[in-house]
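There are 2 protein chains.
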Amino acid sequence: MDESQALSAFSALGQEHRLRIVRALVTAGPNGLAAGVLGTTVGVPGNNLSFHLKELSHAGLIRSRREGKSVIYKADFAALSGLIQFLMRDCCQGHPEVCAPAVASLAPCCPPTGDIIHV
Amino acid sequence: MDESQALSAFSALGQEHRLRIVRALVTAGPNGLAAGVLGTTVGVPGNNLSFHLKELSHAGLIRSRREGKSVIYKADFAALSGLIQFLMRDCCQGHPEVCAPAVASLAPCCPPTGDIIHV
DNA sequence: TCAACATATCAACACTCGTTGAAACGTAGA
DNA sequence: TCTACGTTTCAACGAGTGTTGATATGTTGA
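Taken in order, these protein sequences are the chains called A and B. -19 is the number of the first residue of the first sequence in this note's numbering; add one for each residue after it. -19 is the number of the first residue of the second sequence in this note's numbering; add one for each residue after it.
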C-alpha cells in the first residue's frame, strides 16, 4: 500500500454511498453480495451503484466475480488491513512501544478467501 | 464514531496534503508539531495549510493547542482507532471468529496523552 | 432466436472542493 | 507602542465529483 493507493481508498470511503457499500460488504463477509442486493441494501439505484462499485474496485477495496446473471461483490479485507497499516505506519517516530495500544484493541477480522494479497 | 463522523474523517484523509499532514502527526506522536513545521514537512504554504488543518480538526482527527507564537497540532489517536473500528464493525455478520486475523496483525500504536476519548 | 432480467456505460448538469493572493489577527520581544 | 513573526480568514477561480436519464452489454430460459 503506497500513498496514491491509500489516497484512492480514503477518497473512495469518504462518500456516503460508497462507505455504506463497503460496510455492507464487510458485514457480509467473504461470500459477498450481488450488485442488486447491494443496491437495495444501501438505497442506490442501479446505474449509480455501478458507478460507485467501479470507483471502489479502482481503489482496490472490493473485488467482483460473475455468478450467472449476477455480479457478486465482496470486500478486499487485505486491502482494508493495508490501508490501516499505512495510516499507522511509523507511528510515534517508529517507537510505538512508548504508546498505549489503541489499534491493538481492534477485534481480529475477516481475511479473504484465497485471492488475498497479504501486506 | 457514527457514520457522519466517519464520512468526514475518510473524506478528510482522501486528500493528498491532509493525508500527509495526518501521517506526519502520527509519526510525530503525542507531542505533535507546530503548524509552521508541518507546512514545511508536507510542502504546503501557510494559508492553504491552515485550511486543511481546519478541515482535519472539524473531522475530529487532530487537536491543537497554542504555545507562545506557535500552534501545536497532534493526531487524535483515539479518533483514528475509532475510525478503524467503525469500518470493521460487524464484520462477517458479527462472527469474526470465522475469519483469519487481518486487522489483528496491526502493531499496537500510539494512544493519546490524556485527552483521549476511548471508543 | 427471442424476451426478460441484471448490470454497466455514457453525456450533461449542478455542485463541491482545493488553491491562490490579499488582508487580518494574535503573540513575543524591543 | 511598534515591529516582526506565525497563523488564520476571506473571496474568487478552475477543476473535479455525484447524480440523473437514456442507452448498451451480458446472461438465462423458452
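All residues carry an ideal CB built from backbone N, CA and C; glycine is no exception.
- Here the alpha carbon of A:P25 sits roughly 44 Å from the alpha carbon of B:G9.
- Here B:I42 is bridged, per DSSP, to B:A55.
- Taking the CA atoms as reference points, B:R(-2) sits about 8 Å from B:L33.
- Interface criterion not met: the Cβ of B:V22 is under 8 Å from no Cβ in chain A.
- Listed as beta-bridge partners of A:S50 by DSSP are A:E47.
- The beta carbon of B:A14 does not come within 8 Å of any beta carbon belonging to chain A, so the residue lies off that interface.
- For A:R3, the uninterrupted alpha helix (DSSP H) segment begins and ends at -4 to 8.
- The residue among B:R0, B:I42, B:L18 with its C-alpha nearest the C-alpha of B:A58 is B:I42.
- Taking the CA atoms as reference points, A:E(-17) sits about 32 Å from A:G16.
- Between the alpha carbons of A:M68 and A:G74 lies a distance of about 10 Å.
- Within the same chain, A15 come within 8 Å of B:S30 by CB-CB distance, once the 5 residues on both sides are set aside.
- Just so you know, the alpha carbons of A:F66 and B:C72 end up roughly 23 Å apart.
- Between the alpha carbons of A:K54 and A:E35 lies a gap of roughly 14 Å.
- Annotation: B:G40 to B:G23 spans about 23 Å, alpha carbon to alpha carbon.
- Among the residues facing chain A, B:D70 is included, as its CB has a counterpart in that chain under 8 Å away.
- Sequence-distant Cβ neighbours of B:G19 in its own chain, meaning closer than 8 Å and more than five residues away, are P25, G26, L29.
- By the neighbour-count criterion, in which a residue is buried when 16 or more other Cβ atoms sit within 10 angstroms of its Cβ, A:S(-9) is buried.
- For A:L13, the pairing in a beta bridge is given by DSSP as A:Y53.
- Chain-ordered listing is empty here: chain A has no CB closer than 9 Å to the CB of B:I1, the nearest sitting near 12 Å.
- At least one CB of chain A lies nearer than 8 Å to the CB of B:E(-4).
- Taking each of A:G(-6), A:E(-4), A:G62, A:S37 in turn and checking the Cα distance to A:V51, the smallest one comes out for A:S37.
- Closer than 8 Å to the CB of A:F31 there is not a single CB belonging to chain B.
- The contact set of B:E(-17) on chain A, defined by CB atoms closer than 9 Å, consists of E(-4), L(-1), R0, R3 in chain order.
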